[in-house]
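Data block below; observations after.
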Amino acid sequence: MKTLDQRRAHHAWETVTSAAKHQDSDDFKRAVMSLPAQIVGSGLGPALSFLLAKGKTTHLLQALSDWVLDKHPNPTSTRPAPAADALLQQFKEADTVFLRRATSETLAYLQWLKRFAEAELPEASN
Numbered sequence: 003m004k005t006l007d008q009r010r011a012h013h014a015w016e017t018v019t020s021a022a023k024h025q026d027s028d029d030f031k032r033a034v035m036s037l038p039a040q041i042v043g044s045g046l047g048p049a050l051s052f053l054l055a056k057g058k059t060t061h062l063l064q065a066l067s068d069w070v071l072d073k074h075p076n077p078t079s080t081r082p083a084p085a086a087d088a089l090l091q092q093f094k095e096a097d098t099v100f101l102r103r104a105t106s107e108t109l110a111y112l113q114w115l116k117r118f119a120e121a122e123l124p125e126a127s128n
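The opening position of the sequence shown corresponds to residue 3 in my numbering, with each subsequent residue numbered one higher.
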């Protein structure tokens with residue numbers, strides 16, 4: 003059985019290698035690198051809203067929703083990835099326990115995404 007951190011790493015690796023094949027890998031990498039600071043500074047909901055408004059990082063939003071809402075609590079899930087805004091939609095009815103858990107798990111998952119994005123994606127052009 004894999005540890006939680008190993009499962010995070012595996013999901014993050016698949017997300018980054020998939021992002022590398024897409025045209026928006028620069029936007030993906032930029033968003034991954036800046037998102038933890040945005041979450042700490044503004045909160046998870048506002049940070050995700052900002053990404054959704056930009057409209058260029060749906061792959062990242064979908065990966066975060068998939069991990070936090072499905073693959074983290076259900077390691078053997080084979081459900082398809084949820085919509086890009088699924089995690090943000092949960093905030094409408096979520097209690098503070100969910101919000102804290104989702105924020106903590108998103109930050110832990112982003113550690114792996116950042117490591118792999120730095121290693122696998124080309125330098126983002128400014």
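Every residue gets a Cβ at the ideal spot worked out from N, C-alpha and C, and that includes glycine.
Own chain residues within Cβ distance below 8 Å of residue i, not counting five before or after
i: Ala119; result: Val18, Ala21, Phe30, Lys31, Val34 and Met35
i: Phe100; result: Gln92
i: Ala4; result: Note on residue identity: the sequence assigns Lys, not Ala, to residue 4. If we look at Lys4 and ignore the five residues flanking it on each side, its Cβ neighbours are His12 and Pro77.
Close Cβ partners of residue i (< 7 Å) along its chain, the five nearest in sequence each way excluded
i: Ser51; result: Leu90
i: Gln40; result: Ala49 and Phe52
Integer Cβ distance of residue i from residue j, believed to fall under 8 Å
i: Gln113; j: Ala83; result: The Cβ separation is near 20 Å, so there is no contact.
i: His24; j: His61; result: 6 Å
i: Leu66; j: Thr108; result: 6 Å
Boundaries of the alpha helix (DSSP H) in which residue i is found, first to last residue
i: Phe100; result: Thr98 to Glu122
i: Met35; result: Ser27 to Ser44
i: His12; result: Leu6 to Ala22
7 Å Cβ cutoff met for residue i and residue j
i: Leu54; j: Asp87; result: yes
i: Ser79; j: Asp68; result: no
i: Tyr111; j: Arg9; result: no
i: Leu46; j: Thr105; result: yes
i: Ser27; j: Leu123; result: yes
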